[in-house]
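Colleague: Here the sequence shown is numbered in the numbering used here, starting from 21 and rising by one per residue.
Just so it is clear, CB atoms sit at the ideal spot from N, CA and C, and this is done for glycine as well.
Note that the structure is predicted; figures quoted are calculated from it, not measured.
The structure follows.
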Amino acid sequence: MIVTTAAKPTEQTMAKAKSLAEELSGQFQLRRGRTLSQLMTAGSDDQLIVVLDNEVRYYTGSTSEQPLYYHPSMAFVRVKRLLRGEHDPLIELSGCMPGDRVIDCTAGLAADSLVFSVAVGPEGSVTSLESEPVLHAVVREGLSSYKSGLPEVDEAMRRIKLERSNHTEYLASLPDDSVDIVYFDPMFEEAIEESSAIGPLRSLANHGRLSDSAVQEAVRVARKCVMLKEQRGSTEFERLGFTRCKTKKTSKITYGVIAVDRAT
21 MIVTTAAKPT EQTMAKAKSL AEELSGQFQL RRGRTLSQLM TAGSDDQLIV VLDNEVRYYT
81 GSTSEQPLYY HPSMAFVRVK RLLRGEHDPL IELSGCMPGD RVIDCTAGLA ADSLVFSVAV
141 GPEGSVTSLE SEPVLHAVVR EGLSSYKSGL PEVDEAMRRI KLERSNHTEY LASLPDDSVD
201 IVYFDPMFEE AIEESSAIGP LRSLANHGRL SDSAVQEAVR VARKCVMLKE QRGSTEFERL
261 GFTRCKTKKT SKITYGVIAV DRAT
């Protein structure tokens, strides 16, 4: 993997690029007037990260393809609705309240983590887990620097604690009844065509099937419930013991819940 910067980087951006190269076992390359394609060709490498002043972009295969970078996408619309006092299905169905502690076991671009973070507020906490190193790095940098134009949303992003970890191992390390909600949103086996915003994510994301052991650990540590997001026709709810929730018939996704109800 090659890590580089814009043509004229600041000292801070240069330092961040060098740090990312070390973290991801990549090679840092100065631009020296070269295009991104020229860097990839010269380095015989089809993976490239570009560190900009306020963004990190990941390219694979070709720089003509859309890069992966952090953006809240539809989560921004959802959190604006929450801030207006409107409802969100995930928050309603999970029973999430201000002050709750949430673990999002499958971070991806941390969209649902952001919704949870707004819902739990400053007095709550959201820990978001991502096992894939590049995706973890891109999202971590985005959460720390992205500016949405709404201070409440930016503060919610900064509060998310993103951990690079396997979710089963992480859950196994926690005490019983130590969080309120545990959430799973595995990568769907079939892409939803309308979700072009997460297209570049699919090449990096962990496509592993959610395991029974992960769900068992989640039930052990959750005080309120364990939630699963899946495509409407998925059989994963039945396989893993989740009760399907009622959602709009027009929605391509739905949720399942295992109610724990040990909250006091």
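Taking the beta carbon of Arg98 as the centre, do at least 16 other beta carbons fall within 10 Å, making it buried, or is it exposed?
Modeller: When all chains shown are included, Arg98 counts as buried.
Colleague: Beta-carbon separation of Arg252 and Asp196 under 8 Å?
Modeller: no
Colleague: Does DSSP put Lys249 in a helix, a strand or coil?
Modeller: strand
Colleague: With a 10 Å radius around its C-beta and 16 neighbouring C-beta atoms as the bar for buried, classify Gly53 as buried or exposed.
Modeller: Flag for Gly53 reads exposed.
Colleague: Put Lys100 into one of helix, strand or coil per three-state DSSP.
Modeller: When secondary structure is reduced to three states using DSSP, Lys100 falls in the helix class.
Colleague: Relative to the alpha-carbon of Val71, which residue among Leu56, Val23, Gly63 and Thr55 has its alpha-carbon at the smallest distance?
Modeller: Scanning Leu56, Val23, Gly63 and Thr55 for the CA closest to the CA of Val71 turns up Val23.
Colleague: So does the segment 184 to 195 actually touch the segment 111 to 120, counting three or more Cβ pairs closer than 8 Å?
Modeller: Pairwise C-beta distances place the segment 184 to 195 out of contact with the segment 111 to 120, as fewer than three of them are shorter than 8 Å.
Colleague: Answer with buried or exposed for Thr30, where buried requires no fewer than 16 other C-beta atoms within 10 angstroms of its C-beta.
Modeller: exposed
Colleague: Residues bridged to Glu183 by DSSP?
Modeller: Leu149
Colleague: Please tell me whether Glu43 and Ala130 are closer than 8 Å, where the distance is taken between their beta carbons.
Modeller: no
Colleague: Compute the distance between the beta-carbons of Thr188 and Ser148, then report whether it is under 8 Å.
Modeller: no
Colleague: Would Tyr78 and Glu161 be called neighbours here (beta carbons separated by less than 8 Å)?
Modeller: no
Colleague: Could you check the C-alpha separation between Arg184 and Thr80 for me, to the nearest Å?
Modeller: 21 Å
Colleague: Candidates Ser133, Ala242, Asp66 and Gly141: which alpha carbon is nearest Leu163's?
Modeller: Ser133
Colleague: Pull up the CB-CB distance for Pro87 and Ser168, whole angstroms please, since I reckon it's below 8 Å.
Modeller: In fact, because the Cβ distance is near 20 Å, the residues do not count as touching under 8 Å.
Colleague: Consult DSSP for Leu134 and reduce its assignment to one of helix, strand or coil.
Modeller: For Leu134, the secondary structure class from DSSP, reduced to helix, strand or coil, is helix.
Colleague: Check Lys28 in the structure and name its three-state DSSP category.
Modeller: For Lys28, the three-state secondary structure derived from DSSP is coil.
Colleague: Just to confirm the assignment, what range does the alpha helix (DSSP H) spanning Arg77 have?
Modeller: No alpha helix (DSSP H) contains Arg77, which is instead part of the beta strand (DSSP E) from Val76 to Thr80.
Colleague: Around the Cβ of Leu248, are there at least 16 other Cβ atoms within 10 angstroms (buried) or fewer (exposed)?
Modeller: buried
Colleague: Report the residue from Ser254, Tyr203, Gly228 and Cys265 whose alpha carbon sits nearest the alpha carbon of Val235.
Modeller: Tyr203
Colleague: Exposed or buried, what is Gln47 when buried is set at 16 or more other beta-carbons lying within 10 Å of its beta-carbon?
Modeller: With fewer than 16 neighbouring CB atoms inside 10 Å of its own CB, Gln47 falls in the exposed class.
Colleague: Considering only residues of the same chain and omitting the five flanking positions on each side of Ser198, which have a CB-CB separation below 7 Å?
Modeller: Val241
Colleague: Could you give the DSSP three-state label for Thr188: helix, strand or coil?
Modeller: DSSP, reduced to helix, strand and coil, places Thr188 within a helical segment of the structure shown.
Colleague: When you compare each of Ala37, Lys266, Leu182 and Val140 to Asp120 by their alpha carbons, which one comes out closest?
Modeller: When C-alpha distances from Asp120 are compared across Ala37, Lys266, Leu182 and Val140, the shortest belongs to Val140.
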